[in-house]
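Presented below is the structure to which this report refers.
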């Protein structure tokens, strides 16, 4: 064990830096916990928000984005611990953050069903789109032009970047979960989703006809009466 957080709250998110030499943890508190193999006595990192839900490093490792209940995105320099921006972006709680590949552009989703793209260097809002009447809990970057976002409406929304490079539009929906979709991940054209229905699903977006493959069941072992054919 390299470092112990002695008085940590319930943690909501943990993430590694791109180098793998540092990790960050946030939870139901104002403090941002930085954990490194080189333990230092730097000042504690604090946000004004006392309910932090998500944290992510910029791909170049020079910035750390934190967000939560107050709708602000707090941008830190992870090397110095100094806050470099406090941007009021969302009206309600921010539930997930992710950077576009090799980019300064941060994507965020909130409980108003809004997805937003924000340039962390120029501090410009590039696009803002309400994609559902439900609450958004999670997002995953599929590629340079497509984002998956999901939440309380049980649907995974595929959101594409328009040809103008700024606008967003919903290009498709993935249905199969019976319960809120709590978490998403994407790799090699596939989206993985976990929901309140205690199932883990894999969606292959490379197929001509999108299908899902259920790869984990809840403890009760229940299976829907009609299951899409796995691809």
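In the numbering used here, the protein residues as written are 43 to 273. Backbone N, C-alpha and C fix where the C-beta goes; we use that ideal spot for every residue, glycine too.
How would you label residue 189, buried or exposed, when you count the other beta carbons within 10 angstroms and need 16 or more for buried? Sequence index remark: in the chain shown, residue 189 carries index 147 (1-based). It is buried - the Cβ of residue 189 has at least 16 other Cβ atoms within 10 Å.
Take the Cβ of residue 192 as the centre, count every other Cβ of all protein chains shown within 10 Å, and call the residue buried at 16 or more, exposed below. Translated into the one-based positions of the chain shown, residue 192 becomes position 150. Counting Cβ neighbours within 10 Å, residue 192 comes out buried, since at least 16 surround it.
If we count the other Cβ atoms within 10 Å of its Cβ and call it buried at 16 or more, is residue 251 buried or exposed? As a position in the chain shown, residue 251 is number 209, starting the count at 1. Unreliable positioning characterises residue 251 in this predicted model, as indicated by a pLDDT of 46, which lies under 50. The coordinate reading is nonetheless provided below. Exposed, since its Cβ has fewer than 16 Cβ neighbours within 10 Å.
DSSP three-state call for residue 251: helix, strand or coil? By one-based count along the chain shown, residue 251 stands at place 209. Caution is warranted here: a pLDDT of 46 is assigned to residue 251, below 50, making its placement in the model unreliable, and the coordinate value is therefore given only provisionally. Coil, per DSSP.
Going by other Cβ atoms of all chains shown within 10 Å of its Cβ, with 16 needed for buried, is residue 47 buried or exposed? Taking the chain shown and counting its residues from 1, the one referred to as residue 47 is at position 5. Exposed, since its Cβ has fewer than 16 Cβ neighbours within 10 Å.
Spatially closest choice to residue 134 from 144, 115, 127 and 124, by CA coordinates: Looking up residue 134 in the chain shown gives position 92. Residue 134 has its Cα closest to that of 115, out of 144, 115, 127 and 124.
Compare the beta carbon distance of residue 98 and residue 131 with 8 angstroms and say whether it is the shorter of the two. Reading the chain shown from its first residue, position 56 is the one you call residue 98. Reading the chain shown from its first residue, position 89 is the one you call residue 131. Their beta carbons are not under 8 angstroms apart, which means residue 98 does not touch residue 131 by this criterion.
Comparing alpha-carbon positions, which option in 204, 221 and 219 lies nearest residue 213? By one-based count along the chain shown, residue 213 stands at place 171. Checking every option, the nearest Cα to that of residue 213 belongs to 204.
Could you tell me the alpha carbon to alpha carbon distance between residue 144 and residue 158, rounded to whole angstroms? Position 102 of the chain shown holds residue 144. Position 116 of the chain shown holds residue 158. Taking the straight line joining both Cα atoms gives about 18 angstroms.
Using only the alpha-carbon positions, how far apart do residue 60 and residue 176 sit? In the chain shown, residue 60 corresponds to position 18, counting from 1. In the chain shown, residue 176 corresponds to position 134, counting from 1. Using only the alpha carbons, I get a separation of about 32 angstroms.
Top-ranked residue by Cα proximity to residue 141, from 107, 169 and 119: In the chain shown, residue 141 corresponds to position 99, counting from 1. When only C-alpha atoms are compared, the closest one is 107.
What residues are listed by DSSP as bridge partners for residue 215? Counting from one through the chain shown, the residue named residue 215 turns up at place 173. In DSSP, residue 215 forms a bridge with 199.
Considering just the uninterrupted stretch of the beta strand (DSSP E) at residue 119, what are its terminal residues? Here residue 119 is taken as the residue at index 77 of the chain shown, counted from 1. Note, residue 119: premise wrong, no beta strand (DSSP E); not H, not E.
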